[in-house]
Structure formats: structure tokens, C-alpha cells
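S.K.: Numbering (UniProt numbering), first residue to last: 1 to 209.
Cβ coordinates follow ideal geometry from the N, Cα and C atoms, glycine included.
(1) Residue 105 lies in the beta strand (DSSP E); which residues open and close that run?
(2) Does the distance from the C-beta atom of residue 177 to that of residue 77 stay below 7 Å?
(3) To the nearest angstrom, report how far apart residue 182 and residue 43 are at their CA atoms.
(4) Between which two residues does the alpha helix (DSSP H) containing residue 189 stretch?
(5) I need the straight-line Cα distance from residue 154 to residue 128, nearest angstrom please.
(6) If you check the beta carbons only, do residue 167 and residue 140 fall under 7 Å apart?
(7) Under DSSP, the beta strand (DSSP E) around residue 154 begins and ends at which residues?
(8) Sorted by chain position, which residues of the same chain lie with C-beta nearer than 7 Å to residue 70's C-beta, five sequence neighbours on each side aside?
(9) Among 175, 159, 80 and 125, which one has its Cα closest to the Cα of residue 31?
(10) Let me make sure I understand the geometry here. Which of 105, 115 and 19 has the alpha-carbon closest to that of residue 33?
(11) Report the partner residues of residue 76 according to the DSSP bridge assignment.
(12) Give the secondary structure of residue 2 by DSSP, where H, G and I count as helix, E and B as strand, and everything else as coil.
(13) Would you mind reading off the limits of the alpha helix (DSSP H) that contains residue 38?
(14) Could you tell me which residues DSSP puts in a beta bridge with residue 112?
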């Protein structure tokens with residue numbers, strides 16, 4: 001289990017030259033504007049206001065890099081699908097995100113975030129298909145589960161799985177930044193993606209020998 005001892009904002013970038021050059025592994029968060037991405041990041045990292053949350057969707061217009069435990073980066077990608085953001089800005093996001101997702105060598109996986117209350121949008125489906133085509137390892141997290149009765153989760157998750165063409169519903173992680181549901185499971189998934197559990201096991205074996 002990852003214990004978050006340190007989490008800090010490092011950089012906001014719109015082009016490759018502005019990305020951190022540490023070479024540390026990265027996990028990116030993608031999702032529609034207003035899907036609860038910033039709340040998820042703050043909840044997972046145990047920091048109240050590290051990622052900016054607000055009532056105005058579309059505020060994240062850059063790739064924001066957060067260094068965690070000095071060992072890896074969590075990257076907050078710009079929210080997509082908010083019509084009121086200027087078209088010129090929207091037009092810039094596509095190439096910026098595509099370049100990052102295609103070319104970024106330290107990228108280990110993308111966590112795509114959807115709202116459990118709503119069927120995935122056209123943009124959600126396009127993002128999932130694109131990530132699949134590019135063979136980027138992807139995990140789906142359904143946020144805001146505290147907003148609906150637990151007995152309704154399965155029905156909503158099935159809708160999401162069908163829209164995103166995910167064969168096994170159990171691969172979608174229900175999450176709530178408010179109640180903490182799914183936080184442990186997300187922690188374990190990220191630990192596995194980064195290979196931290198294997199490292200810990202190797203260190204333990206080394207110390208025993």
C-alpha cells in the first residue's frame with residue numbers, strides 16, 4: 001500500500017519542452033470537465049487543495065504535474081468536452097494531449113474518470129477508443145458514487161461498461177472523494193501499475209537473505 005508522505009505541484013505544461021525531465025514514471029488522469037478529477041486527486045494524495053477544484057468546468061487547460069513521494073508523477077490532463085471553453089483553447093487541447101499520450105516515454109497508464117450517474121459521453125467513448133488504439137494501459141474509475149444509492153451502482157456500472165466496450169464490469173472502480181469509497185483499491189491499482197509492490201517484495205527478500 002502506497003503511503004503518501006509527500007505530494008507537490010511541480011509544473012504546468014502546454015508543450016513537450018515544459019515537461020519535467022526527471023524521468024520518473026507517470027500516471028495520467030483523464031476525464032470530462034466537472035467529472036470530479038481534481039477532487040479525486042486531492043482525496044487520493046491526502047491534500048485538500050493541491051489540485052484546483054471549482055464550480056467552473058474547463059479550468060484545467062494545461063498538463064499539471066504533481067510529484068509524489070519523490071518517486072513518480074501524477075499528471076492531471078485537461079478536462080475535455082466543456083462547450084463554453086473558447087474554441088481556440090479546445091483546439092489546442094487535442095494536439096497537446098495527443099502528443100503527451102503518444103510520445104511521453106515515462107507514461108505508465110491513464111486513469112480515465114467517468115461520472116457513475118451518467119452514461120459515458122461521446123468524448124468519453126472517443127478517449128477510451130483512442131487509448132485502446134494507442135495501446136495505452138487504461139483503468140476506468142467511476143466517481144461520485146456517494147450521489148446514488150449503493151443498490152444502484154451495478155446498474156450504472158453496466159451502462160458504463162457497455163458504452164466503453166469493457167467486458168468485465170468489475171474492472172471499473174467505483175470511487176467517492178467524499179466518502180473515501182474506492183480509495184484503497186485505487187491505491188493498490190496504482191501501486192501495481194508502478195511496480196512498487198514488486199520492489200517492496202524484492203527489498204524484503206534482500207533484507208532477509
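M.R.: With the given structure in hand:
(1) Premise fails: residue 105 is in no beta strand (DSSP E) and is neither H nor E.
(2) It is not a contact, given that the beta carbons lie outside the stated cut-off.
(3) 11 Å
(4) Per DSSP, the unbroken alpha helix (DSSP H) holding residue 189 starts and ends at 183-194.
(5) 20 Å
(6) Going by C-beta atoms, residue 167 is not nearer than 7 Å to residue 140.
(7) Careful: residue 154 lies outside any beta strand (DSSP E), inside the alpha helix (DSSP H) at 153-163.
(8) The beta carbon of residue 70 lies closer than 7 Å to those of 6 in the same chain, with the five residues before and after it left out.
(9) 80
(10) 115
(11) 29 and 64
(12) coil
(13) 37-45
(14) 30 and 140
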